[in-house]
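Report on one structure; see the data block that follows.
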Amino acid sequence: MRHPAWTRHLALPALFVSIPLMIAAFAAGPALAVAYPTATPVVATATASPGGSVPASIVLTSGSKATLGSFLVGPDGMTLYTLSSDTATGGTCTGGCLANWPPLLVAPGGTVSGPAGATGTFATVVRADTGQTQVTYDGRPLFYFAHDTAPGDTNGQGIKAFEGTWLVAALSGAPSSIQLGSATSATLGTYLTGSGGMTLYTLSSDPNNGTVCSGGCLANWPPLLIAPGGSTTGPAGAAGSFGSFVRSDGTVQVTHDSRPLYYFAHDTAAGQTNGEGITAFGGTWHVAAALAAVTSSPSATAAPTTAATLPPTSTSSGSGNGPGGVLPLLLLLLAVGAVTMVAAGNLPRRTRRH
Numbered sequence: 020m021r022h023p024a025w026t027r028h029l030a031l032p033a034l035f036v037s038i039p040l041m042i043a044a045f046a047a048g049p050a051l052a053v054a055y056p057t058a059t060p061v062v063a064t065a066t067a068s069p070g071g072s073v074p075a076s077i078v079l080t081s082g083s084k085a086t087l088g089s090f091l092v093g094p095d096g097m098t099l100y101t102l103s104s105d106t107a108t109g110g111t112c113t114g115g116c117l118a119n120w121p122p123l124l125v126a127p128g129g130t131v132s133g134p135a136g137a138t139g140t141f142a143t144v145v146r147a148d149t150g151q152t153q154v155t156y157d158g159r160p161l162f163y164f165a166h167d168t169a170p171g172d173t174n175g176q177g178i179k180a181f182e183g184t185w186l187v188a189a190l191s192g193a194p195s196s197i198q199l200g201s202a203t204s205a206t207l208g209t210y211l212t213g214s215g216g217m218t219l220y221t222l223s224s225d226p227n228n229g230t231v232c233s234g235g236c237l238a239n240w241p242p243l244l245i246a247p248g249g250s251t252t253g254p255a256g257a258a259g260s261f262g263s264f265v266r267s268d269g270t271v272q273v274t275h276d277s278r279p280l281y282y283f284a285h286d287t288a289a290g291q292t293n294g295e296g297i298t299a300f301g302g303t304w305h306v307a308a309a310l311a312a313v314t315s316s317p318s319a320t321a322a323p324t325t326a327a328t329l330p331p332t333s334t335s336s337g338s339g340n341g342p343g344g345v346l347p348l349l350l351l352l353l354a355v356g357a358v359t360m361v362a363a364g365n366l367p368r369r370t371r372r373h
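According to this note's numbering, the sequence shown is numbered sequentially starting from 20.
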């Protein structure tokens, strides 16, 4: 006995169900693309530069933020910046750059004085492009940012341009980037060194990203300081990560695995470790170990992540959302569709036997 209407009702729904499922599986492919943000563009428009006529003398003050520490501000209260790629003689920011980054100028032969707590040296440099006299701090020319519109604004912080990074001018006069070295002792192992190969130390009683060394302590244990937003790179093979925190005096101190780093004032030459084992301030001073006792996997040094540094655009398989998850599903759907259609085709032959 034949049931043509019944077999048609079975085969056609199977076909209509299988086709949309297969189309959906193929359509899942474009969803795998991952969109990442692009680098923050440097603004191209300009506003009026701070100040007006070039003064014969300048008195700078300071500002501060919890995330940036203390920094220099101009006579009108506007934040001052340095460019990490600039040299002591200037010349990196010229032409169109000056529309966004007006230089801090003083009259030829003029005087510059800084606020209390400014440990760096103020000087001047004659710009080769305009002949004007620009103020410098610890050998770096000082600039305003045209898109800071009110005292306290720090909108220029971290902008990357002209082969460098713009940073607020740290009151400490600290560098914007630090490359640490290492030295090895038969009794102390491998430890970190700073400027001139001088030994770096940690204090066992210091909290993570904090310090108990202040006041008179700093005369013997000068902290390793860096400009706000700056980056620290360790020597080859160094374990752990490098970071920084803002001290109560507004300066920014470098850390290794969250432990503040210091020099010892009574080390007078590279390789000396006279501070090792000294007990003071509720703890013990030790050279800052550079290498871990057991290195199971290399640990990269910490670095500022910017929008210009993009992660890979590929996704990992095995999560159900990547190619490894879609292909097995697609094969399964094809197999189910094939079996369904074969079964539907055999039904008319089975009904004829009855």
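Just so you know, even glycine gets a beta-carbon here, dropped at the ideal spot from N, CA and C.
Predicted model only: the values in this text are computed from it and were never measured.
| Item | Value |
| --- | --- |
| Pull up the distance between the alpha-carbon of L237 and that of N293, whole angstroms please. | 16 Å |
| Classify V238 as helix, strand or coil using the three-state DSSP reduction. | With the sequence shown as reference, residue 238 is identified as Ala, and Val is not the correct amino acid for it. Reduced to three states, the DSSP call for A238 is helix. |
| Please tell me whether L124 and T152 are closer than 8 Å, where the distance is taken between their beta carbons. | yes |
| Terminal residues of the continuous alpha helix (DSSP H) containing L102? | From DSSP, L102 is part of no alpha helix (DSSP H) but of the beta strand (DSSP E) over Y100 to L102. |
| Looking only at its own chain, which residues have a Cβ that is under 6 Å from the Cβ of Y282, when we skip the five neighbours before and after it? | M217 and P241 |
| With the cut-off set at 8 Å, would you say G302 and S224 are in Cβ contact? | yes |
| Compare the beta carbon distance of V193 and I245 with 8 Å and say whether it is the shorter of the two. | Reading off the sequence shown, one finds Ala at residue 193, where the question assumed Val. Going by C-beta atoms, A193 is nearer than 8 Å to I245. |
| Can you tell me whether G133 is buried or exposed, with buried defined as 16 or more other CB within 10 angstroms of its CB? | buried |
| Between the segment 170-187 and the segment 127-141, are three or more C-beta pairs nearer than 8 Å? | no |
| Output the distance between the C-alpha atoms of T298 and N239, rounded to the nearest integer angstrom. | 13 Å |
| How about G253 and L199: do their beta carbons lie closer than 8 Å? | yes |
| Quick check: the Cα distance between G248 and S267, rounded to an integer number of angstroms? | 17 Å |
| Would you identify the three-state DSSP class for A118, choosing helix, strand or coil? | helix |
| Since S195 and G136 are thought to touch, with beta carbons under 8 Å apart, how far apart are those beta carbons, to the nearest angstrom? | About 19 Å; that fails the 8 Å criterion. |
| I'd like the list of long-range same chain contacts for P330, defined as Cβ closer than 6 Å, with 5 residues on each side in sequence excluded. | Confidence at P330 is low in this model, with a pLDDT of 34, below 50, so its placement is unreliable and the value that follows should be read with caution. Nothing listed; no residue qualifies. |
| Going by beta carbon distance, what residues of the same chain come within less than 6 Å of N227, once the five residues before and after it are set aside? | S277 |
| Which residues in the same chain have their Cβ closer than 7 Å to the Cβ of S104, if we skip the five residues on either side of it in sequence? | T111, F181, E182 and G183 |
| Is the CB-CB distance between I178 and T251 below 8 Å? | no |
| Return the bridge partner residues of L207 from the DSSP annotation. | For L207, which the question treats as bridged, DSSP gives no partner whatsoever. |
| Throw me the rounded Cβ distance for the T101 and L186 pair, which I believe falls under 8 Å. | 6 Å |
| Can you give the beta carbon distance from F264 to Q272, rounded, assuming they're within the 8 Å contact cut? | 6 Å |
| Any chance you could list the beta strand (DSSP E) runs of at least 3 consecutive residues sitting entirely within the segment 119-155, in chain order? | 130-132 and 141-145 |
| Applying the criterion that 16 or more other CB atoms from any shown protein chain within 10 Å of the CB defines a buried residue, is S72 buried or exposed? | exposed |
| Measuring alpha carbon to alpha carbon, tell me which of T113, V231 and T155 ends up nearest A188. | T155 |
| Pick helix, strand or coil for S214, following the three-state DSSP scheme. | helix |
| If you draw a straight line from the C-alpha of G213 to the C-alpha of T203, how long is it? | 14 Å |
| Would you kindly work out how many angstroms separate the C-alpha atoms of T209 and G256, rounded to a whole number? | 10 Å |
| Please say whether G93 and T270 have beta carbons closer to each other than 8 Å? | no |
| Using only the alpha-carbon positions, how far apart do A75 and P122 sit? | 15 Å |
| Quickly, what does DSSP pair F261 with across the bridge? List them, please. | H275 |
| What would DSSP say about A189, mapped onto helix, strand or coil? | strand |
| Taking L211 and A309 to be in contact with their CB atoms under 8 Å, please state how far apart those CB atoms are, rounded to whole angstroms. | 5 Å |
| In the DSSP assignment, find the unbroken beta strand (DSSP E) run with F90 in it and report its ends. | G88 to V92 |
| Are A142 and G215 closer than 8 Å when you measure CB to CB? | no |
| State buried or exposed for S201, treating a residue as buried only when at least 16 other CB atoms are found within 10 Å of its CB. | buried |
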